[in-house]
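Protein chains in written order, with our numbering: chain W, -8 to 407; chain C, 9 to 308. By construction, the Cβ of each residue, glycine as well, lies at the ideal position given by its N, Cα and C atoms. One structure is given here, and the rest of the page talks about it.
In structure tokens, the structure reads:
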């Protein structure tokens, strides 16, 4: 069975937490004791209904203020699939949490309040979904109950959305529209009788139909970052030397010829191991141990690729950066760049463009990037990274930026 | 609840990746091992991650002295079979040294006291990473926990200052004295763990299976009768068939009435269960934010 990872984004009052609560409730994923606890908590707040949003807003501060601050992970199952939802805050102040939550997602659910329609937040959420190359975007027009389940209102919002999304849209992106009411469960797991004019599937129906993750792994180049070299030196495995790692993209077969980077040495795949099993092939996201026919020198941070499919060895990199720290990124400052598991020193050479995510105001040639700003940045690297263009190969095209002085993760980069 | 009996293998790949990052990024990691199903799962994953090499981490258990003997016996046996070092530190010793005070009254438990012994153990062995079997589905404060969760010198967790974790890239850089709690099975649910135990044919302590036990009722839950729990006069022990769904200290883990005596019937039971796993943990019920408050203080 496969896993589908979903990111949800919405403004504070779009009813995102209620939607998730509703999905859990309707798929029978909430146990009786949790429902009892929800009822009690709702009563304490003086509500006359069970507030399903209390299920996900877990931190004390969030319950006090009634908003989602951090990324929460929520799980539910259907008979065919395990779902992981990264629930993120919608306000621009929490852009970094949104980017974080969405980074692993293959579906992004964008919520729009039917009364308010398309706004700056909608644009921001769609921008982030596209920045992260999320293939499936579901735009859920929520609170349809408050606009009398009106088709015209829905169509109006749809038109507004496509006007704004046309410029940002990626060529292979699927955008699906759906009218819902989370509070009353309309169009969530079953089709709503109140909106018979809507011909599409229910929200869960749409999610169930999304193609499995890793579906395109066969067409992408093979990238295998070596995490750990296994040399047991025991009697039984005296000469064993295996390269452990998780395949970042593509797939590998036993007998394939590979090049080790950066040494450029060539060898042939002898075995692909998963514990005691020897496999004929392995694909994206599988953790395996690869042994080679020849004894070549490979250590952590090196990469195995197929012959003829080499990425450019980059000592200089241009990337789109989303800055995540209160201390701004500055031209001339040195950081650590971690591409996959490979860490190198990096110095900011220039910040060529900058986008202020709260206003969508653009500037050029600036000297700093502040928290939640997105910019195109050139770095000079202390050592080579083996990255691909993020749009072409997301599994091997992103990196994080670490501040060497406080060890924090301060930004994320998408290689151009 | 939905019928779902297959284990999603992607979860295993993810956990193995995390364990290998721990081995690479830290000097002295350890697995926190209680002998419960989640830590048994962790040990299995570590075994697979480094095969044919050995597990490169010791197993550490903070023993409250109130654990079920079935679990501690199992713990000792598994460590011996794997040839992995087992480090045990006792809450009893922290009490004797005057570092913590035994709770009193009906609900007295050593569960909260464990934190002090754990922090002392981390300091004694200079562990920079402690791998634990906590899962995000267990409780809502845990739902926001990172995979690499950085703790300060006092073991404290600051929910608002967590490092962003993007894609699968893990940043384990810390200063001397700090340490990281690592949760490789963050994205697993209780059902995933049981399906994995079944798929891998793992041995687990006998108290997970239905058995006859001397118990008494309290607050609508069934408690194992033991010298460690202060019973009131109207709490009269009786014999019945129970099993444990989660295994902690005897003073904070309740049993469930069940006849499930093998993995398949346990999985059936979970699919139909009306009570969540941590619903059988009295320690979470002290207040709505009980878990978050304990975690801020360094609890696992």
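| query | result |
| --- | --- |
| Residue of C:111, C:149, C:183, C:128 minimising C-alpha distance to residue 33 of chain C | C:183 |
| N-terminal and C-terminal residue of the alpha helix (DSSP H) that residue 202 of chain C is part of | 198 to 207 |
| Pairwise C-alpha distance: residue 203 of chain W and residue 415 of chain W | Limits of chain W in this structure are -8 at one end and 407 at the other, which puts residue 415 of chain W out of reach. |
| When C:159, C:174, C:150 are compared against residue 95 of chain W, the one with the closest alpha-carbon | C:174 |
| For residue 59 of chain C and residue 20 of chain C, the rounded distance between their alpha carbons | 14 Å |
| Unbroken beta strand (DSSP E) run spanning residue 56 of chain C, endpoints | Looking at the DSSP string, residue 56 of chain C is not in any beta strand (DSSP E); the run it does join, the alpha helix (DSSP H), is 45 to 58. |
| Integer Cβ distance of residue 330 of chain W from residue 405 of chain W, believed to fall under 8 Å | Rounded, the Cβ-Cβ distance is 11 Å, inconsistent with contact. |
| Proximal chain W residues relative to residue 309 of chain C, where beta-carbon distance stays under 7 Å | A query on residue 309 of chain C cannot be resolved here, the shown segment of chain C reaching from 9 to 308 and no further. |
| Test: residue 128 of chain C CB closer than 7 Å to a CB of chain W | no |
| Rounded distance between the beta-carbons of residue 139 of chain C and residue 38 of chain C, thought under 8 Å | 7 Å |
| Rounded distance between the beta-carbons of residue 215 of chain W and residue 294 of chain W, thought under 8 Å | 6 Å |
| Span separating the alpha-carbon of residue 111 of chain C from that of residue 85 of chain C | 31 Å |
| Residue 81 of chain W to residue 90 of chain W span [Cα, whole Å] | 11 Å |
| Inter-residue Cα distance where the pair is residue 56 of chain C and residue 196 of chain C | 17 Å |
| The stretch 251 to 270 of chain C contacting the stretch 125 to 145 of chain C, beta-carbon criterion three pairs below 8 Å | no |
| Contact under 7 Å by Cβ, residue 144 of chain C with residue 151 of chain C | yes |
| Whole-angstrom distance between residue 363 of chain W and residue 317 of chain W, CA atom to CA atom | 9 Å |
| Chain W within 7 Å of residue 290 of chain C, Cβ atoms only | With a pLDDT of 49 at residue 290 of chain C, under the threshold of 50, the modelled position of this residue cannot be trusted; read the value that follows with caution. So no, residue 290 of chain C is outside the interface. |
| The stretch 186 to 202 of chain C touching the stretch 60 to 73 of chain C, judged by at least three CB pairs closer than 8 Å | no |
| Residues near residue 132 of chain C in its chain [Cβ-Cβ closer than 6 Å; skip 5 each side] | none |
| The stretch 219 to 233 of chain C in contact with the stretch 251 to 265 of chain C per 3-pair CB rule at 8 Å | yes |
| Opening and closing residue of the alpha helix (DSSP H) in which residue 116 of chain W lies | 111 to 122 |
| Residue-level contact to chain C via CB, residue 87 of chain W, 7 Å cutoff | yes |
| Cβ contact (3+ pairs, closer than 8 Å) linking the stretch 213 to 227 of chain W and the stretch 190 to 200 of chain W | no |
| Exposure of residue 143 of chain W, with buried meaning 16 or more beta-carbon neighbours within 10 Å | exposed |
| Same chain, Cβ closer than 6 Å to residue 233 of chain W, five either side skipped, listed in chain order | 221, 280, 282 |
| Buried or exposed (CB count within 10 angstroms, at least 16 for buried), residue 295 of chain C | Residue placement at residue 295 of chain C is flagged as unreliable, the pLDDT there being 47, under the threshold of 50; the coordinate-derived value follows with that caveat. Exposed: under 16 other Cβ atoms inside 10 Å. |
| Counterpart residues of residue 251 of chain W in DSSP-defined beta bridges | W:295 |
| Closest by C-alpha distance to residue 392 of chain W, when choosing among C:227, C:71, C:179 | C:179 |
| Span of the beta strand (DSSP E) around residue 234 of chain C | Segment: none, residue 234 of chain C is in no beta strand (DSSP E) and carries neither H nor E. |
| Proximal chain C residues relative to residue 291 of chain W, where beta-carbon distance stays under 7 Å | 32 |
| Interface flag, residue 174 of chain C vs chain W, CB-CB below 7 Å | yes |
| Beta-carbon proximity of residue 96 of chain C to residue 74 of chain C, cut-off 7 Å | no |
| Below-7 Å beta-carbon distance, residue 400 of chain W vs any chain C residue | yes |
| Residue 320 of chain W (DSSP reduced to helix, strand or coil) | strand |
| Minimum Cβ-Cβ distance from residue 61 of chain W to chain C less than 7 Å | yes |
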